[in-house]
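K.L.:
Sequence positions in the sequence shown follow this note's numbering and run 8 to 208.
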Amino acid sequence: MRLKVIFISLMVFYFQSSQFAYCHDWNIKDSIIVHVDTTSIICEDYIFFVRSEYIKDSLDQNEAQSFYPMILEQVVVIIKKGKIIYQKPHPVNKILLQSANSGPILMQENKIQQIGVVRGNGKCFFTISGYGGCISCTEFSAILNSEGKMIWCYYGDRFKTIIYKGRRRIFFRNGINEQEHRAGKYPTVYVLDAFYRENGY
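1) Whose C-beta lies closer than 8 Å to the C-beta of E70 among residues of the same chain, with five residues either side of it excluded?
2) State the DSSP-derived secondary structure class of F179, mapped to helix, strand or coil.
3) Suppose the cutoff is 6 Å on Cβ atoms and the five residues either side in sequence are ignored; what does the same chain contact list for Q94 look like?
4) Check whether the Cβ atoms of V99 and Q115 lie closer than 7 Å to each other.
5) What's the gap between the Cα of K90 and the Cα of Y53?
6) Check A149 in the structure and name its three-state DSSP category.
7) Please go through the stretch 81-130 and give each complete beta strand (DSSP E) segment of 3 or more residues, from N-terminal end onward.
8) Helix, strand or coil for Y233? Go by DSSP, reduced to three states.
9) Can you list, in chain order, the residues of its chain whose CB lies under 7 Å from that of Y197, leaving out five sequence neighbours each side?
10) Determine the direct distance from the alpha carbon of K63 to that of F179, and round the result to whole angstroms.
11) Buried or exposed for K118, going by 16 or more other Cβ atoms inside 10 Å?
12) Whose C-alpha, out of P76, G140, Q72, C141, is nearest the C-alpha of E60?
13) Would you kindly check if the distance between the Cβ of G127 and the Cβ of G173 is under 7 Å?
14) So, is C131 buried or exposed, given that buried needs 16 or more other C-beta atoms within 10 angstroms?
15) Per DSSP, what kind of secondary structure is R9 in: helix, strand or coil?
16) From A149 to Q72, what distance separates their C-alpha atoms?
17) Whole angstroms are fine: how far does the CA of V124 sit from the CA of C50?
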């Protein structure tokens, strides 16, 4: 168990300090610092990561959404026995919004708030829950299998559906309890939890 904890700590350090293929030059002011946070959850031989790039600023008071910090991009990663088997950005739209102190910022319109693990047919599945920053903004909810294939996804708001993938039979076919999934009765962790605790949220 101790070796597993050491390994996870090293992987977190690596993903906080290394450059991903999906990282970008955001063309923001040199004086603005882009911070990186890594959140992970484990299921058997798999580590499910979310790597968040953000700036410590909030949106201008005239913007409809409410975000702090402002998320530039989040990358979803699955590692099996030390090898990256899946790595892709959070599949949501980018929008240009006015920040309170840093000028216009291109950011995700929906941030990953929570990740989790559900079991089905003896296998690991990973969940993603996202929030768009206001009551009428987008929601994002998805289930990925251990290889990163998205077997179920909803992304949209009360007016339109942007992505809807998978039918209810997907839950039955994969042995996932749909009621428990909807009720959130499975292990989860909050993304950027350490940041929010340090800042009194």
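Glycine included, each C-beta is placed from N, C-alpha and C at the ideal position.
P.N.:
Inspection of the coordinates gives the following:
1) Stepping through the sequence shown from its first residue, residue 70 is reached at position 63. For E70, where only same-chain residues beyond five positions count, the Cβ hits under 8 Å are L104, Q105.
2) For the purposes of this step, residue 179 is identified with residue 172 of the sequence shown, where counting begins at 1. The answer is helix: DSSP assigns F179 an H, G or I state.
3) Mapped onto the sequence shown, residue 94 falls at position 87. Residues of the same chain with a CB within less than 6 Å of the CB of Q94, apart from the 5 flanking positions on each side, are V84 in chain order.
4) As a working mapping, residue 99 is identified with position 92 in the sequence shown. As a working mapping, residue 115 is identified with position 108 in the sequence shown. Cβ distance < 7 Å, so V99 and Q115 count as in contact.
5) Start at 1 with the first residue of the sequence shown, and residue 90 comes out as number 83. Start at 1 with the first residue of the sequence shown, and residue 53 comes out as number 46. In a straight line, the C-alpha of K90 is about 10 Å away from that of Y53.
6) As a working mapping, residue 149 is identified with position 142 in the sequence shown. A149: strand per DSSP, three-state reduction.
7) 90-96, 101-105, 111-115, 118-127
8) Lying before the first or after the last residue shown, residue 233 is absent from the chain, which here runs from 8 to 208.
9) Translated into positions along the sequence shown, residue 197 becomes position 190. Exclusion of the five residues before and after Y197 leaves Q120, Q121 as the residues of its chain whose Cβ lies within less than 7 Å of its Cβ.
10) Translated into positions along the sequence shown, residue 179 becomes position 172. Translated into positions along the sequence shown, residue 63 becomes position 56. Approximately 42 Å between the Cα atoms of the pair.
11) Residue numbering aside, residue 118 sits at position 111 when the sequence shown is read from its first letter. By the 10 Å Cβ count, K118 comes out buried.
12) Taking the first residue of the sequence shown as 1, we reach residue 60 at position 53. The candidate whose alpha carbon is nearest that of E60 is P76.
13) On the sequence shown, residue 173 is found 166 positions in, with the first residue counted as 1. On the sequence shown, residue 127 is found 120 positions in, with the first residue counted as 1. Result no, Cβ atoms of G173 and G127 do not sit closer than 7 Å.
14) Against the sequence shown, residue 131 aligns to sequence position 124. Buried is the call here.
15) Position 2 of the sequence shown, counted from the first residue, corresponds to residue 9. With a pLDDT of 44 at R9, under the threshold of 50, the modelled position of that residue is not reliable, and the figure given next carries that caveat. Helix at R9.
16) Position 142 of the sequence shown, counted from the start, is the residue given in the question as residue 149. Position 65 of the sequence shown, counted from the start, is the residue given in the question as residue 72. Spanning the two alpha carbons is a distance of roughly 22 Å.
17) Locating residue 50 in the sequence shown gives position 43, counting from the first residue. Locating residue 124 in the sequence shown gives position 117, counting from the first residue. Rounded to whole angstroms, C50 and V124 show a C-alpha spacing of 7 Å.
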